[in-house]
Each structure stands twice: as C-alpha cells, then as structure tokens.
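**Student:** Residue numbers (this note's numbering): 54 to 450. Ideal placement from N, C-alpha and C gives every residue a C-beta, glycine not left out. Quantities reported herein were computed from a predicted structural model and do not represent experimental measurements. Next up is a structure, given as structure tokens.
Printed below as a string of structure tokens:
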C-alpha cells in the first residue's frame with residue numbers, strides 16, 4: 054500500500070515521543086522480531102530502546118512486554134526475543150500431543166451428542182497452558198513497573214477485548230501525566246500489568262480460552278479493535294513505527310484454485326484470523342492519512358499531524374508456511390487435514406499457527422532483510438528527523 058501524499062514542509066508531526074505499534078499475528082509475529090533485530094543493528098550496541106511508548110496486540114503484545122521490561126538494553130532485549138522465536142516449537146505454545154488432541158476431540162463430541170448434559174463444551178479448542186508457563190519465565194512484569202516508575206519508558210499498553218463490555222480495552226502502565234480515555238467501542242484503563250493481561254491479549258477466540266480480569270472475561274486484543282493506532286496516540290505519541298504481518302499488496306484472499314469450490318472450515322478460519330489481525334490496521338492508517346490531510350489545511354482547528362511509518366513483509370508468508378507444513382507435529386497435521394487446512398488449501402491458517410523453528414527462523418530473516426532495506430526510513434524515523442516535502446510519505450510502506 055502507498056498512501057497519497059499531502060505533506061507540507063511547514064507541517065511537522067505533533068510534539069511527542071516515538072511509539073512502536075506491534076500488531077497481532079500468531080506465528081507470523083516472528084517477522085516483527087526480524088525487523089526489530091535490523092533496527093537494533095543499525096543503532097549503537099548499548100543504545101536504549103528508541104520507543105518511549107510501546108503498544109502490542111495479541112502476539113505483538115509479547116514482544117512489546119519484553120521490550121518494555123528492558124528499555125535500557127534494546128539490542129539485548131531483541132536478542133532475547135530472537136532466541137525464543139528461533140527455537141519455537143508448537144508444544145511450547147499449546148499442547149499438541151496425540152493424547153491431548155484425541156481427548157479434546159472426544160470432549161467436543163460428547164458435549165455435542167449429549168447436548169451439553171454429559172459434558173460442557175470446552176472453553177477452547179487448544180490448551181495454551183505451555184505458553185503461559187513460558188511467558189511466566191520470560192516476561193518480568195516487575196521490571197516493567199520499575200521502568201515506568203523510573204521514567205525509562207513513558208508507557209506500555211496491552212490490548213484485549215472484553216466479552217461483557219464488547220469493547221477494546223488498552224490496559225496501560227505509564228507516566229502519571231497520562232490519563233485513561235473512554236470512547237464508544239474502545240477505552241484505555243490504567244493497570245499494574247500482569248501475566249493475565251498478556252494472556253488475555255493472546256486469547257484468540259475459539260482457539261485459546263478467555264482470561265478473567267477484574268470480574269470480566271477478555272479475549273484477543275484484535276477483536277473490536279477498530280482503531281489499533283489509538284492507544285499509541287492517546288499515550289502521547291508524535292510518530293509511530295507500525296510493523297504488520299501481511300505482505301504488501303496481499304488482501305488475504307483465497308487463490309484462484311481455492312476459490313473454485315466452497316471454502317473448507319480451515320480456509321474460513323484462516324480467512325477469519327487474517328481479517329482479525331490485519332484489516333483494522335490498514336483501515337486505521339487510511340483514517341490517519343485523512344486526518345493528517347485535514348491538519349495541513351489552514352482552517353484546521355486543533356488537529357496535529359501524527360506521522361506513521363509502516364513496514365510489511367516483502368514476501369507472501371502463506372507461501373513460506375507451505376514450505377514448512379511437514380514440520381508440524383503429526384497430531385496437528387491431522388487436525389489441519391480434517392479441517393481442510395493442510396498443504397496448499399490451508400496455508401493461511403498454517404501461517405498463523407506454525408510455531409515451529411524452521412518457519413519462524415525464515416520469518417526473522419525476512420524481517421531482518423526488509424528492515425535493512427528500509428534502514429534510512431528507520432534511522433530517520435527513530436532519530437526524529439522531519440520528513441522532506443515531496444520525498445518522504447507521511448504513511449510509507
């Protein structure tokens with residue numbers, strides 16, 4: 054995507070710190086780690102995190118939390134992230150052994166046959182307790198609170214969706230000057246962030262169980278998140294680096310061969326995840342561009358330009374997932390095949406669930422290459438240099 058440019062030399066982004074916005078994307082989020090790795094190599098070895106404001110949704114919330122916990126050692130924090138993602142296996146995220154898959158399948162079948170009398174329907178298709186255990190070891194929420202209290206970072210926000218309130222909630226810990234906000238379908242609530250907030254942001258509907266926080270169940274942060282850039286802006290960002298996980302020009306559509314027959318359950322679910330994680334960020338960037346256009350007009354009343362730089366994969370991640378399909382555990386391959394989501398027919402779904410090192414390593418390398426190809430954008434952006442009229446877009450891809 055390339056935005057139409059309406060940049061005037063006298064207009065600068067509003068005064069405010071730089072924010073990092075990490076979208077959701079399941080296993081695709083390994084790509085974001087690659088882009089961050091490139092940025093860390095472009096900066097001095099002992100540089101602090103260049104983003105005083107960090108926001109994350111779903112899988113992007115994991116990287117956001119790790120960076121916020123180590124704001125004074127940006128390269129070391131990214132190296133820790135890379136170490137985890139390069140060694141990922143599905144069983145570190147959810148239980149994928151044959152016995153667990155069979156037990157879950159039988160539970161669903163018994164609940165269906167008995168109408169819920171003999172067994173209540175499970176809360177989710179997959180048991181992600183291994184992921185909770187992994188994050189409990191890897192993310193130090195005490196360090197995040199200390200970083201905020203010391204002023205090392207301005208704010209961290211993790212987004213989740215309340216099932217009772219039907220609104221997107223950005224749970225944030227930040228400077229005292231930052232207040233909560235309330236909109237029709239989204240809000241910002243100050244909180245002492247915990248593992249529950251992170252697990253709630255990761256709770257993909259149907260796949261993973263919801264998480265109870267303060268008496269309400271929450272699910273994946275991408276649901277109902279109609280304005281994914283809003284938390285960063287409310288937290289005071291003057292410019293934003295947004296790292297997405299859908300390839301440039303890709304709309305997530307089924308290919309011609311897939312569209313010849315009715316889509317399978319696996320294809321529909323993959324389509325749903327792709328919509329959940331990617332469509333709103335694209336729409337919000339378009340809204341930001343319109344607001345920036347209005348801010349440039351002489352009659353603009355109080356509007357200020359907020360610059361955003363977007364980095365997307367240069368290759369279709371579905372094709373990369375297809376090359377690594379055989380690396381999935383046999384039980385998960387069987388489940389994918391049953392859903393009609395294996396090999397070429399299910400690359401969309403596999404690209405989000407393939408937490409296997411062969412796949413995540415290739416995505417990290419792609420993110421690194423794409424980040425290095427955009428080195429001038431990254432360095433100009435993080436240094437705070439203004440865009441040059443006629444040369445640099447307000448929203449660039």
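For the beta strand (DSSP E) that contains residue 90, what are its first and last residues?
**Tutor:** No beta strand (DSSP E) contains residue 90, which is instead part of the alpha helix (DSSP H) from 83-95.
**Student:** Using the rule of at least 16 other Cβ atoms within 10 Å of the residue's Cβ for burial, across every protein chain shown, is residue 336 buried or exposed?
**Tutor:** Per the 10 Å Cβ criterion, exposed.
**Student:** So for residue 213, helix, strand or coil by DSSP?
**Tutor:** Of the three classes helix, strand and coil, the one that applies to residue 213 here is strand, per DSSP.
**Student:** Taking the C-alpha atoms as reference points, what is the distance between residue 409 and residue 348?
**Tutor:** Distance between the alpha carbons of residue 409 and residue 348: 45 Å.
**Student:** Let's see if you can read the secondary structure: which residues bound the alpha helix (DSSP H) around residue 374?
**Tutor:** Unbroken alpha helix (DSSP H) run through residue 374: 370-376.
**Student:** So what does residue 71 bridge to, in DSSP terms?
**Tutor:** In the DSSP output, where bridge partners are listed per residue, residue 71 has 292.
**Student:** Which one of 134, 113, 206, 92 has the shortest CA to CA distance from residue 273?
**Tutor:** Closest option to residue 273, Cα to Cα, is 113.
**Student:** Would you call residue 442 buried or exposed, if buried means 16 or more other Cβ atoms sit within 10 Å of its Cβ?
**Tutor:** Its pLDDT being 35, under 50, residue 442 is placed unreliably in this model, and the coordinates cannot settle the point.
**Student:** Which word fits residue 150, buried or exposed, when buried means at least 16 other C-beta atoms lie within 10 angstroms of its C-beta?
**Tutor:** Exposed, because fewer than 16 other Cβ atoms sit within 10 Å of the Cβ of residue 150.
**Student:** Could you tell me whether the region 212-226 touches the region 255-269, where touching means 3 or more Cβ pairs closer than 8 Å?
**Tutor:** The answer is yes - the region 255-269 touches the region 212-226, with three or more Cβ pairs under 8 Å.
**Student:** Throw me the rounded Cβ distance for the residue 299 and residue 363 pair, which I believe falls under 8 Å.
**Tutor:** The Cβ separation is near 11 Å, so there is no contact.
**Student:** Distance check for residue 90 and residue 253, CA to CA, integer angstroms please.
**Tutor:** Roughly 26 Å separates the two Cα atoms.
**Student:** Measuring alpha carbon to alpha carbon, tell me which residue in 284, 240, 193 is nearest residue 247.
**Tutor:** Cα-wise, what sits closest to residue 247 is 193.
**Student:** Apart from the five residues on each side of it in sequence, which residues of its chain come closer than 8 Å, Cβ to Cβ, to residue 240?
**Tutor:** Once the five neighbours on either side are set aside, the close Cβ partners of residue 240 are 220, 221, 222, 223, 233, 234.
**Student:** Check the C-beta distance from residue 294 over to residue 434 and give it rounded, since I have them as a contact under 8 Å.
**Tutor:** Their Cβ separation, rounded to whole angstroms, is 6 Å, which keeps residue 294 and residue 434 in contact under 8 Å.
**Student:** Tell me whether residue 400 is buried or exposed, calling it buried when 16 or more other Cβ atoms sit within 10 Å of its Cβ.
**Tutor:** With 16 or more Cβ atoms within 10 Å of its Cβ, residue 400 is classed as buried.
**Student:** Once the 5 residues before and after residue 128 are set aside, which same chain residues still bring their CB inside 8 Å of it?
**Tutor:** If we look at residue 128 and ignore the five residues flanking it on each side, its Cβ neighbours are 93, 94, 96, 98, 99, 100.
**Student:** Tell me the DSSP secondary structure of residue 278 in three-state form.
**Tutor:** Note: residue 278 maps to coil in three-state DSSP.
**Student:** I think residue 152 touches residue 116, with their Cβ atoms under 8 Å apart; what is that distance to the nearest whole Å?
**Tutor:** The Cβ separation is near 32 Å, so there is no contact.
**Student:** On the three-state DSSP scale, how would you describe residue 415?
**Tutor:** Three-state DSSP puts residue 415 in a helix.
**Student:** Start and end of the beta strand (DSSP E) containing residue 271?
**Tutor:** Its beta strand (DSSP E) spans residues 269-272.
**Student:** Look at the alpha carbon of residue 130 and the alpha carbon of residue 343, and state the distance between them as a whole number of angstroms.
**Tutor:** In a straight line, the C-alpha of residue 130 is about 35 Å away from that of residue 343.
**Student:** Could you check which residue in 208, 145, 122, 137 has the C-alpha nearest to that of residue 72?
**Tutor:** Comparing Cα positions, the closest option is 208.
**Student:** I believe residue 292 touches residue 359 by the beta-carbon criterion, under 8 Å. Please report the beta-carbon distance rounded to the nearest angstrom.
**Tutor:** Residue 292 to residue 359, Cβ: 7 Å. Contact.
**Student:** Considering only the alpha carbon of each residue, which of 250, 178, 136, 176 lies closest to residue 185?
**Tutor:** Residue 185 has its Cα closest to that of 250, out of 250, 178, 136, 176.
**Student:** What separation, rounded to the nearest whole angstrom, lies between the Cα atoms of residue 88 and residue 327?
**Tutor:** Taking the straight line joining both Cα atoms gives about 20 Å.
**Student:** Rounded to whole angstroms, how far is the Cβ of residue 77 from the Cβ of residue 406, which I believe are closer than 8 Å?
**Tutor:** Residue 77 to residue 406, Cβ: 13 Å. No contact.
**Student:** With the cut-off set at 7 Å, would you say residue 319 and residue 425 are in Cβ contact?
**Tutor:** Result no, Cβ atoms of residue 319 and residue 425 do not sit closer than 7 Å.
**Student:** Enumerated in chain order, which unbroken segments of the beta strand (DSSP E) with a length of 3 residues or greater are wholly contained in the region 98-140?
**Tutor:** As far as the region 98-140 is concerned, its whole beta strand (DSSP E) runs of at least 3 residues are 106-110.
**Student:** Hey, could you find the ends of the alpha helix (DSSP H) residue 339 is sitting in?
**Tutor:** Taken as a continuous stretch (DSSP letters only), the alpha helix (DSSP H) holding residue 339 covers 318-348.
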